[in-house]
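Visitor: Residue numbers (this note's numbering), protein chains in the order written: chain A, 1 to 336; chain B, 1001 to 1336. Can you read through this structure? Questions will come right after.
Protein chains: 2
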Amino acid sequence: MEDFAQASGISRPTISKFFNDPSSVRESLKSKIEAALEKYDYYPNFYAINQNRQLTKNIGIVVPYVSDPFFAEIARNLERRCIDVGYTPFLFSSHGEQAQENAILDTLRSLKPAGVLMAPLGRRSSDKNKIEKFCKNVPTILFDSNIEGLGAAFIGSDNYSFVSQTVEYLNSTGSAPSFFEMRYPANPNANKRREAYLKIMESLKLKPQVIKIEGTGWEFEEIGRQGALKLLRENGMDTNTILCSNDRLAIGFLSACSEMGVKVGKTKNCDLRVAGCDDSPYSRFTSPPLTTAAHDYHTVSDNAALALFELINNGGKSKKRTETLYSAKLVLRDSA
Amino acid sequence: MEDFAQASGISRPTISKFFNDPSSVRESLKSKIEAALEKYDYYPNFYAINQNRQLTKNIGIVVPYVSDPFFAEIARNLERRCIDVGYTPFLFSSHGEQAQENAILDTLRSLKPAGVLMAPLGRRSSDKNKIEKFCKNVPTILFDSNIEGLGAAFIGSDNYSFVSQTVEYLNSTGSAPSFFEMRYPANPNANKRREAYLKIMESLKLKPQVIKIEGTGWEFEEIGRQGALKLLRENGMDTNTILCSNDRLAIGFLSACSEMGVKVGKTKNCDLRVAGCDDSPYSRFTSPPLTTAAHDYHTVSDNAALALFELINNGGKSKKRTETLYSAKLVLRDSA
DNA sequence: ATATTAAATTGACACGCGTAAAATACTTAA
DNA sequence: TTAAGTATTTTACGCGTGTCAATTTAATAT
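Below, the structure is given as structure tokens:
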């Protein structure tokens, strides 16, 4: 920077100011610097820049699994917001593993980001310590999956509304659904959805049926497919209506139905109705298209980002922790 | 680190060595440091660490669009490989925009990564300069999409083999396919696939038909669906067999067929055969399941990562640029 | 026990830029 | 034109660690 300053005939501190905020220097110098930049192709050193800054312009984004289309889409939206206001987003995926999430937390603490947007893995309480400590040191907004009391705010979807809307719709247009889920769900929202299902069925004075399928990991479609194949073969359903804990399982379920020659839909000649939760990007392209309860992707990601920007502008301190839940929107398609 | 060294009764340079490679210090000191780490929760400063290092332990991964399931899956695999050998991967998405890719290149040059794995956007030759300069300064492996002469190596799939296998299969089991693609494809591989199609049809002495559909952006399924709806309504096909330029378009195509009551499959009572390219993670779950030509995801990502590690170990210099293309594997399912 | 080798310590400099204080030059408006 | 206000320059320090050379200590082999 010293050399570049000399070459462009401007003092180094001014160059430094320019790189922090080009509009903070006089127009005449700005164009002079930009001209010199064309000529000498100098670029500042990322490490030296941030080493001595009180507040970096970096934002960490952490998702549990980047190949999950829901998280990929959320991550994409969050990155956009960050870029649009001049931050540099750093995207990390926990690969579905607690250890990896912890490692990311270490990297992130060391990166001293202005703030972090994080969708945590479901953690056993014994691991809560790590993330708790992190949140105390780094301005953090939690999204998708809440951890009681941690972070400056939580932005997510109201799992109860997902289930209540679908169950009520299904019940009023046919029989009430059985609930189809993984025995050991990778995502903690699954537990809230099951609880909601049981509660709603009870309030409707209906007998619930929770179908738990085997399989671990994040290949939900295949897990759903295998579970559905088993279920269809053993004829283990109390009803002709299925509500899947999430769309990816539902996509697998529909695939199994197609394979077994089971007709899915809400018309008279159909054998089964299948609904999901989330409105995954692929759910509208299944056959039949999947009836589901939709996240408001944009609202959730926009508000999470805005909440973080505000938190950062307030010096990383928020008066009190807030939890914002957005309701699902029922999306009626042909599968139920 | 000074304080931590004193508190743990070990010299600072040794602590530094420990963090660079724990196995480089004597076992007795190693356990002593680890014990002290539990007690004082010191963690090194990312910026200070890298500021004065000749070679960082960071690896940049750049994909054109992180929400594309193909790139999400590749990115996931690449990250795994990097983590497994002790590197810290930094994942960037170009958001389908040239300007964003350029910005990432700037960030990355400043980050001084040990190496970069990059799937470039298709660029007009006028933009080649930027990436060319980058590759001269940073050890880079290109994957998925090649740019003549740039980077130390290119690892990808052989687009010709994707098309030749499907066309030959389709032709030998029925009529030869029409080729279904976007008029302005987001991914440069599309061009090679079209060329391959034309060449193969010519060699088979068959009349080719390329169907170009409108639409821009990365929502390929919806673009494919709209294009297919239009096509089916206007009855614009020469044959009853369609080869889509990629699986995401094919998924949209299948969705349109389902919507229009067109039966897709290879059995006698079907109206249309539809095949794709790529074997997207969702292709096996369509109805009917999609016949397609599969990338070898693991082989491509593993070998791209290995090539980069080797490049790094050779000081970032490779004798000559290599191009490695892996053949597609035909995956026969029910759609064609 | 001694020689040999490997590892740790000491002391010191370097990395490239942010940032602050004081002095100076420029801009703008009265 | 002058004064007030703002932007720039000068000068200098500091950030937290990597790294190196010289020295001392510990481990291993003879």
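Here a beta-carbon is modelled for each residue, glycine too, at the ideal position from N, C-alpha and C.
On the three-pair Cβ rule with 8 Å, is the region 1140-1151 of chain B touching the region 1208-1223 of chain B?
Guide: no
Visitor: Which chain A residues are close to A1119 of chain B, counting only those with a beta carbon under 9 Å from its beta carbon?
Guide: Sequence index remark: in the second sequence, residue 1119 of chain B carries index 119 (1-based). Within chain A, no residue comes near A1119 of chain B; the closest Cβ sits about 15 Å away, beyond 9 Å.
Visitor: For E323 of chain A, report the span of its beta strand (DSSP E) as first-last.
Guide: Position 323 of the first sequence, counting from 1, holds the residue named residue 323 of chain A. Here the beta strand (DSSP E) through E323 of chain A covers 322-326.
Visitor: Can you confirm whether Q1006 of chain B, when its beta carbon is compared against all beta carbons of chain A, has any partner nearer than 9 Å?
Guide: The residue labelled residue 1006 of chain B in the question sits at position 6 within the second sequence. Any Cβ of chain A closer than 9 Å to the Cβ of Q1006 of chain B would place that residue at the interface, and such an atom is absent.
Visitor: Counting only Cβ pairs nearer than 7 Å, list the residues of chain A close to R1333 of chain B.
Guide: The residue you call residue 1333 of chain B lines up with position 333 of the second sequence. Going along chain A, no residue has its Cβ under 7 Å from R1333 of chain B, so there is no contact; the nearest lies around 11 Å.
Visitor: Between A293 of chain A and chain B, is any beta-carbon pair separated by less than 9 Å?
Guide: As a first step, residue 293 of chain A is located in the first sequence; it is residue number 293 there, counting from the start. Not closer than 9 Å to any Cβ of chain B, the Cβ of A293 of chain A fails to qualify, so no.
Visitor: Please specify which runs of the alpha helix (DSSP H), each continuous and at least 4 residues long, are wholly inside the region 180-259 of chain A, giving them in chain order.
Guide: For the alpha helix (DSSP H) assignment, the uninterrupted runs of no fewer than 4 residues enclosed by the region 180-259 of chain A are, from N- to C-terminal side, 189-203, 220-234.
Visitor: Going by Cα to Cα distance, which pick from A:A99, A:V138, A:L111, A:L108 is closest to G122 of chain A?
Guide: If you number the first sequence from 1, residue 122 of chain A lands on position 122. Of the listed residues, the one whose Cα sits closest to G122 of chain A is A:A99.
Visitor: Can you name the start and end residues of the beta strand (DSSP E) that D1278 of chain B belongs to?
Guide: Here residue 1278 of chain B refers to the residue found at position 278 of the second sequence. That run of the beta strand (DSSP E) goes 1273-1278.
Visitor: Residues of chain A with a CB under 9 Å from the CB of S1255 of chain B: which are they?
Guide: Taking the first residue of the second sequence as position 1, residue 1255 of chain B is located at position 255. R284, F285, T286, S287, P289, listed in chain order.
Visitor: Taking the Cβ atom as the reference point for each residue, do L290 of chain A and S283 of chain A lie within a distance shorter than 9 Å?
Guide: Within the first sequence, numbered from 1, the residue matching residue 290 of chain A stands at position 290. Within the first sequence, numbered from 1, the residue matching residue 283 of chain A stands at position 283. A distance below 9 Å separates the beta carbons of L290 of chain A and S283 of chain A.
Visitor: Let's see if you can read the secondary structure: which residues bound the beta strand (DSSP E) around P1089 of chain B?
Guide: Start at 1 with the first residue of the second sequence, and residue 1089 of chain B comes out as number 89. First-last of the beta strand (DSSP E) with P1089 of chain B: 1088-1093.
Visitor: Would you kindly report the start and end of the unbroken beta strand (DSSP E) that includes S1157 of chain B?
Guide: By 1-based counting over the second sequence, the position of residue 1157 of chain B is 157. Note, S1157 of chain B: beta strand (DSSP E), 1153-1157.
Visitor: Could I get the ranges of all uninterrupted beta strand (DSSP E) runs contained in the region 1106-1135 of chain B, with 3 residues as the minimum, in chain order?
Guide: 1115-1118
Visitor: Short check: CB of T1216 of chain B to CB of I1251 of chain B, under 9 Å?
Guide: Counting from 1 along the second sequence, the entry for residue 1216 of chain B is found at position 216. Counting from 1 along the second sequence, the entry for residue 1251 of chain B is found at position 251. Cβ distance not < 9 Å, so T1216 of chain B and I1251 of chain B don't count as in contact.
Visitor: Evaluate contact between the region 1096-1111 of chain B and the region 1262-1281 of chain B, counting only Cβ atoms and requiring at least three cross-stretch pairs below 8 Å.
Guide: no
Visitor: Going along the chain, which residues of the region 1024-1053 of chain B sit with their C-beta nearer than 7 Å to a C-beta in chain A?
Guide: Y1043, P1044, N1045, F1046, Y1047, A1048, N1050, Q1051
Visitor: Which first and last residues belong to the alpha helix (DSSP H) in which T299 of chain A is found?
Guide: As a working mapping, residue 299 of chain A is identified with position 299 in the first sequence. Its alpha helix (DSSP H) spans residues 297-313.
Visitor: Where do the ends of the beta strand (DSSP E) carrying A293 of chain A lie?
Guide: The sequence position of residue 293 of chain A within the first sequence is 293, counting from 1. Here the beta strand (DSSP E) through A293 of chain A covers 291-294.
Visitor: Exposed or buried, which one is K39 of chain A when buried takes at least 16 other CB atoms within 10 Å?
Guide: Taking the first sequence and counting its residues from 1, the one referred to as residue 39 of chain A is at position 39. Here K39 of chain A is exposed, its C-beta having fewer than 16 other C-beta atoms within 10 Å.
Visitor: To be precise: take each residue of the region 58-75 of chain A, compare its Cβ to all Cβ atoms of chain B, and keep it if any distance is under 7 Å. Which residues remain?
Guide: V66, S67, P69, A72, E73, A75
Visitor: Identify each residue in the region 1180-1204 of chain B for which the Cβ-Cβ distance to at least one residue of chain A is less than 7 Å, and report them in chain order.
Guide: none
Visitor: Check distances from the C-beta atoms of the region 1080-1103 of chain B to those of chain A and list, in chain order, the residues that come in under 9 Å.
Guide: R1080, I1083, T1088, P1089, F1090, L1091, F1092, S1093, H1095, Q1100, A1103
Visitor: Less than 9 Å between the beta carbons of T1069 of chain B and P69 of chain A, yes or no?
Guide: Mapped onto the second sequence, residue 1069 of chain B falls at position 69. Mapped onto the first sequence, residue 69 of chain A falls at position 69. This sequence places Pro at residue 1069 of chain B; Thr is not what is there. Contact: yes.
Visitor: Do you know offhand how far S1203 of chain B's Cα is from A36 of chain A's?
Guide: Here residue 1203 of chain B corresponds to residue number 203 of the second sequence, with the count starting at 1. Here residue 36 of chain A corresponds to residue number 36 of the first sequence, with the count starting at 1. Spanning the two alpha carbons is a distance of roughly 55 Å.
Visitor: Return no unless some Cβ of chain B is closer than 9 Å to the Cβ of E259 of chain A.
Guide: Along the first sequence, one-based indexing puts residue 259 of chain A at 259. Yes, because at least one Cβ of chain B sits closer than 9 Å to the Cβ of E259 of chain A.
Visitor: Could you check which residue in B:A1005, B:F1018, B:S1110 has the C-alpha nearest to that of P44 of chain A?
Guide: Taking the first residue of the first sequence as position 1, residue 44 of chain A is located at position 44. Considering only alpha carbons, the answer is B:S1110.
Visitor: Less than 9 Å between CB atoms is the rule here; does L1107 of chain B satisfy it with respect to chain A?
Guide: Translated into positions along the second sequence, residue 1107 of chain B becomes position 107. Reading off the sequence, residue 1107 of chain B comes out as Thr, not Leu. Yes - at least one Cβ of chain A is within 9 Å of the one on T1107 of chain B.
Visitor: Taking the beta strand (DSSP E) that N58 of chain A falls in, what are its first and last residues?
Guide: Residue numbering aside, residue 58 of chain A sits at position 58 when the first sequence is read from its first letter. If you look at N58 of chain A, you'll find it in the beta strand (DSSP E) that goes 58-63.
Visitor: For Y1160 of chain B, which residues from the same chain have a beta carbon less than 6 Å from its beta carbon, with the 5 sequence-adjacent residues on both sides left out?
Guide: Your numbering for residue 1160 of chain B matches position 160 in the second sequence. The residues are A1196.
Visitor: What are the boundary residues of the beta strand (DSSP E) that K329 of chain A is part of?
Guide: Position 329 of the first sequence, counting from 1, holds the residue named residue 329 of chain A. First-last of the beta strand (DSSP E) with K329 of chain A: 329-331.
Visitor: In the DSSP output, which residue or residues are listed as bridge partners for V264 of chain A?
Guide: Numbered from 1 along the first sequence, position 264 holds the residue referred to as residue 264 of chain A. Its beta-bridge partners are A:L272.
Visitor: Answer yes or no: does any C-beta atom of chain B fall closer than 9 Å to that of S110 of chain A?
Guide: As a first step, residue 110 of chain A is located in the first sequence; it is residue number 110 there, counting from the start. Chain B contact via Cβ: present.
Visitor: Check whether the region 1225-1234 of chain B touches the region 302-314 of chain A, taking contact to mean three or more Cβ pairs, one atom from each stretch, closer than 8 Å.
Guide: Here the region 1225-1234 of chain B makes no contact with the region 302-314 of chain A; the two share fewer than three CB pairs at distances below 8 Å.
Visitor: Where DSSP assigns a beta bridge to L142 of chain A, which residues make up the other side?
Guide: For this step, residue 142 of chain A is matched to residue 142 along the first sequence. L142 of chain A is bridged to A:M118, A:F154.
Visitor: Select from the region 156-177 of chain A all residues with a C-beta closer than 8 Å to any C-beta belonging to chain B, and list them in chain order.
Guide: none
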